[in-house]
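Residue numbers (the working numbering): -15 to 425. Glycine is no exception: its CB is placed at the ideal position from the N, C-alpha and C atoms.
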């Protein structure tokens, strides 16, 4: 019905259609019914039907959170209609201005990119996150911002200040890690391939479920993943991770103890959909597993055990997925660094896409390992401990690193501060503070 509406079946409906899918392989099918004569431009055709694969979105975010915990809270903050959101708007008075200057001209918004009027020749991209600072804004280009509302921000005076260069602090080179993925569901191979793109070479993935191991191995092969790296026909080969399998019931402590939970640097817990188990019942399994994992990690830390990377097991990253938001309040008991409320996040994304068609492509770009994404970085990359700077000056330091700063997170704060209200207020930054940025890595 959505395809018919967009292809002329009901001509009085001329908007775009948002479609939730279960299988990523069906995305191209959604575009087949669009009338190419009516929409000869490829980009415009893509704006007519906007498919969102819920499991793919959740899987990508869980993987990224296992590398940088806290990202789920950032995305939920921006996708929820109650706080800051993404907006596109043209500003003719900025034509000819540099992108870097535009970043310092909005008191009540953070400029993170542009929607250019002419797609780039090399790759056809038309939404550009964190473009070069010297790039000029052309007629027809729209700025992409994070703001409270589409009419809550306006152009002001240039706030670029001379705050000096960022400190000479080097990020640690990513080291191999060991990840435990608990649970099984359709299209899980996409999550494995996503993890392979983000982790360092030599990393390990252990897949734990009470499903038969041979069934799971064959399921991965049947869905196009050469998990063993032996050259299976028509299958993608993993580059950075080695996969192992365990068959235990993750809701029993005795089973989890056999899995050497203390060795893992990160643990991802999926909420499985099983016949007769929905909502809170499915989440109950996730909660039990998450609490048991945390309990075992604490016990093993007291015994002096360390993770694959040599860290304290009790500080290992644990990211559970839940389907019912009523379960979220209980996750504080598990002290999980982050959690994904899958139903809420998918609903938020669908809602944002229904308001603005280009949010669909923006989300694709943000969740791709290639190009620019949202990252949460150590404040020591931008300031020396105890240095007092305003957020305008933090933005300046970030631009010197070819990044766009959109907010920050301080120890003890439940939520990140995105698009700070008073960017001129001076803050004394401490070790443990984190800066939220749009950056290539």
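Member of the options whose CA lies at the smallest distance from the CA of residue i
i           : options            : result
residue 153 : 267, 366, 14, 48   : 366
residue 221 : 207, 11, 280       : 207
residue 38  : 209, 289, 328, 126 : 328
residue 383 : 160, 289, 87       : 87
residue 244 : 162, 186, 172      : 162
residue 76  : 341, 127, 357      : 127
residue 98  : 119, 69, 105       : 119
residue 100 : 27, 289, 150       : 27
residue 305 : 227, 102, 292, 274 : 274
residue 346 : 102, 114, 280, 373 : 114
residue 426 : 8, 9, 33           : Outside the displayed span of the chain (-15 to 425) sits residue 426, for which this structure offers no information.
residue 389 : 381, 395, 107      : 381
residue 72  : 124, 357, 194      : 124
residue 165 : 67, 2, 277, 156    : 277
residue 122 : 386, 43, 339, 78   : 78
residue 231 : 197, 339, 25       : 197
residue 51  : 132, 361, 395, 219 : 361
residue 41  : 407, 330, 413, 373 : 330
residue 387 : 178, 356, 402      : 356
residue 325 : 56, 4, 13, 217     : 56
residue 159 : 210, 201, 251, 294 : 294
residue 234 : 271, 405, 180, 31  : 271
residue 241 : 279, 48, 224       : 279
residue 385 : 59, 6, 149, 85     : 149
residue 322 : 301, 338, 31, 205  : 301
residue 239 : 194, 350, 143, 337 : 194
residue 70  : 108, 85, 130, 350  : 130
residue 217 : 227, 204, 310, 292 : 204
residue 374 : 214, 144, 30       : 144
residue 281 : 297, 287, 348, 291 : 297
Simplified DSSP state of residue i, which is helix, strand or coil
i           : result
residue 6   : coil
residue 335 : helix
residue 423 : strand
residue 106 : coil
residue 344 : helix
residue 122 : coil
residue 235 : coil
residue 149 : coil
residue 263 : Caution applies to residue 263, whose pLDDT of 47 falls short of 50 and renders its modelled position unreliable; the model cannot decide the point.
residue -1  : coil
residue 220 : strand
residue 268 : helix
residue 13  : helix
residue 242 : coil
residue 170 : coil
residue 291 : coil
residue 194 : coil
residue 319 : coil
residue 133 : coil
residue 155 : coil
residue -10 : Model confidence at residue -10 stands at a pLDDT of 45, short of 50, so the residue's coordinates are unreliable; what they give is reported in the following sentence. It is helical.
residue 176 : helix
Beta bridge counterpart(s) of residue i as assigned by DSSP
i           : result
residue 304 : 253
residue 384 : Looking at the DSSP assignment, residue 384 forms no beta bridge with any residue, so it has no partner.
residue 141 : None; residue 141 has no bridge partner.
residue 162 : 188
residue 280 : Answer by DSSP bridge pairing: none, since residue 280 is not bridged.
residue 97  : 113, 128
residue 324 : 305
residue 298 : Residue 298 pairs with nothing; no bridge assigned.
residue 210 : 221
residue 227 : 189
residue 393 : 418
Check: residue i C-beta below 6 Å from any heavy atom of the ligand ATP
i           : result
residue 416 : As for the ligand ATP, it is missing from this structure, which has no ligand bound.
Cβ of residue i within 7 Å of any chain B Cβ
i           : result
residue 206 : Reference to chain B is not applicable here, since this structure consists of a single protein chain.
Length at least 3, wholly inside the segment 16 to 94: the beta strand (DSSP E) runs in chain order: 33 to 37, 69 to 74
Three or more C-beta pairs below 8 Å linking the segment 80 to 99 and the segment 126 to 142: yes
Unbroken stretches of the beta strand (DSSP E), 3 residues or longer, contained in the segment 347 to 383: 357 to 362, 372 to 374
Ordered list of beta strand (DSSP E) runs contained in the segment 398 to 423, each at least 3 residues: List check, beta strand (DSSP E) in window: 410 to 412, 418 to 423.
Segment contact flag, the segment 389 to 400 with the segment 413 to 425, C-beta cutoff 8 Å, min 3 pairs: yes
Touch test, the segment 209 to 219 against the segment 242 to 256, Cβ-Cβ under 8 Å, three pairs minimum: no
Contact between the segment 332 to 341 and the segment 101 to 113 (3+ Cβ pairs under 8 Å): Here the segment 332 to 341 makes no contact with the segment 101 to 113; the two share fewer than three CB pairs at distances below 8 Å.
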